[in-house]
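Visitor: Please find one structure pasted underneath; my questions will follow.
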Amino acid sequence: MFSLAVFSTSAVISGDQQGRVNLLYLLLLFVAWPLLSLLLSIVLAASNSKVNSISSLLALPIWPRAWIDALSQLRGNDLQRPWLFCQSQKMSLVFSLGCITAFLFVLLFNDVTFIWRSTLLSAEQVFPVLQLISTPWWLLESAQPMMEQVQASRDSRLQLNDQLSSTASWWRYVFMAQLTYALFPRLLLFVWGARRLKSAIEKVAQQQANSENQIKHMQHLQQQQKPAQNLSRMQYASAFAEPYVLLSWTKLPELLEDKLAQVMGVPEHIYQLTGSCDLQLELQAQRDVRAKLLIVAAWEPPMGELQDFMLQCQGVLMPLDWQCQQFVGVDEMHLDEWRRFCQSQKNWQLQQLKGLV
536 MFSLAVFSTS
546 AVISGDQQGR
556 VNLLYLLLLF
566 VAWPLLSLLL
576 SIVLAASNSK
586 VNSISSLLAL
596 PIWPRAWIDA
606 LSQLRGNDLQ
616 RPWLFCQSQK
626 MSLVFSLGCI
636 TAFLFVLLFN
646 DVTFIWRSTL
656 LSAEQVFPVL
666 QLISTPWWLL
676 ESAQPMMEQV
686 QASRDSRLQL
696 NDQLSSTASW
706 WRYVFMAQLT
716 YALFPRLLLF
726 VWGARRLKSA
736 IEKVAQQQAN
746 SENQIKHMQH
756 LQQQQKPAQN
766 LSRMQYASAF
776 AEPYVLLSWT
786 KLPELLEDKL
796 AQVMGVPEHI
806 YQLTGSCDLQ
816 LELQAQRDVR
826 AKLLIVAAWE
836 PPMGELQDFM
846 LQCQGVLMPL
856 DWQCQQFVGV
866 DEMHLDEWRR
876 FCQSQKNWQL
886 QQLKGLV
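Each position in the sequence shown, counted from 1, maps to that position plus 535 in the working numbering.
See below:
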């Protein structure tokens, strides 16, 4: 990105064979384009929409598999948006630094003359625009435009002007425009984006730590219980002590979902993993760092698909049974089957909470 900025700026600032550079082109490159891209970045950052130009580019099947997997992991941890924003601001900041470097390099080794050409615009129309652009650095008088300077810098193919302004007259103005509209705003957005990403990473790390503590707590409780003890007599909290997500491996009626939430607490998110669930949703559920409650229909035998899913994550498994919009006690034969199934799932705890029946 730095090299692209150096080459593109060098091509524009070098001018024609006489070393003349159109000032209006520089304003488009160093003022108009940075402002438009800055506005677009702010709109995308403030928008809740997940569809944007960056996500569309990432959807193209041209990226290495390792990149796609890394982005999927970021998406599962809700880190993709702050990471992409931070990276985009970093690239824009590097591009701005490259433009300024090329600008100063060309001025150092070339005698550049700044002019402006326009068929429709006059000096009286261009001067107020230049004044408006220079408002942020109004204290720096040497970088402020003057009407005489604008008139002398106009170049016409029909009339030769021997008083074209040299680089000493305009380079400070162009340099301050780059700092004000390209470099400084991107630097501020990059710092804000980096702090936002750091805060998101710390939040994910805290959620992971809470999830691990929850699993250790459940394992400690299970070790204190006898293997022959009935599942319905297990001592366990009546609700999660932290935010959790619900993984629904069965089609639970909405009324029973509400009753489950009354006992367990309202989940932060519900993953419907039944029916025609796609692989992407399963991966997102597995990579969610929050505590997980997986509910299954007690009368349905555990299948290999469920076992493969559970091997990639950890949480609490709860078999449920219901009739006529009411929870009923789980048959002991079904409990034994699920108990044997969970013996091979070291990261999962088989639980049944009181208060549902």
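The C-beta atom is built at its ideal place from N, Cα and C for all residues, glycine as well.
Report the rounded CA-to-CA distance for residue 731 versus residue 686, giving the unit in angstroms.
Guide: 47 Å
Visitor: So residue 648 is in the beta strand (DSSP E); what residue range does that whole segment cover?
Guide: 648-650
Visitor: Is it right to say residue 823 is buried, meaning 16 or more other beta carbons lie within 10 angstroms of its own, or is it exposed?
Guide: buried
Visitor: How far does the beta strand (DSSP E) with residue 858 in it reach, from first residue to last?
Guide: 850-858
Visitor: Secondary structure at residue 831, three-state DSSP: helix, strand or coil?
Guide: strand
Visitor: Who are the near neighbours of residue 693 in its chain, counting only those whose CB is closer than 8 Å to its CB and skipping five residues on each side?
Guide: With a pLDDT of 43 at residue 693, under the threshold of 50, the modelled position of this residue cannot be trusted; read the value that follows with caution. So the list is empty, once near-sequence residues are dropped.
Visitor: Which same chain residues, not among the five before or five after residue 820, have their C-beta less than 7 Å away from its C-beta?
Guide: 782, 806, 808
Visitor: Going by CA-CA distance only, name the one from 570, 868, 883 that's closest to residue 721.
Guide: The shortest Cα separation from residue 721 among 570, 868, 883 belongs to 570.
Visitor: For residue 541 and residue 677, what's the separation of their Cα atoms in angstroms?
Guide: 26 Å
Visitor: Is residue 721 helix, strand or coil when you go by DSSP?
Guide: helix
Visitor: Just the Cα atoms here: how many angstroms apart are residue 879 and residue 885?
Guide: 11 Å
Visitor: Quick one: give me the first and last residue of the alpha helix (DSSP H) that residue 824 is part of.
Guide: Unbroken run through residue 824: none, as it is neither H nor E.
Visitor: So residue 796 packs on residue 749, CB below 8 Å; how close in whole Å?
Guide: Actually they do not touch by this definition, with Cβ atoms about 18 Å apart.
Visitor: Just mark residue 581 as buried or exposed, buried being the case when its beta carbon has 16 or more other beta carbons within 10 Å.
Guide: exposed
Visitor: Along the alpha helix (DSSP H) that carries residue 883, what are the first and last residues, could you check?
Guide: Run containing residue 883: none in the alpha helix (DSSP H); it sits in the beta strand (DSSP E), 883-885.
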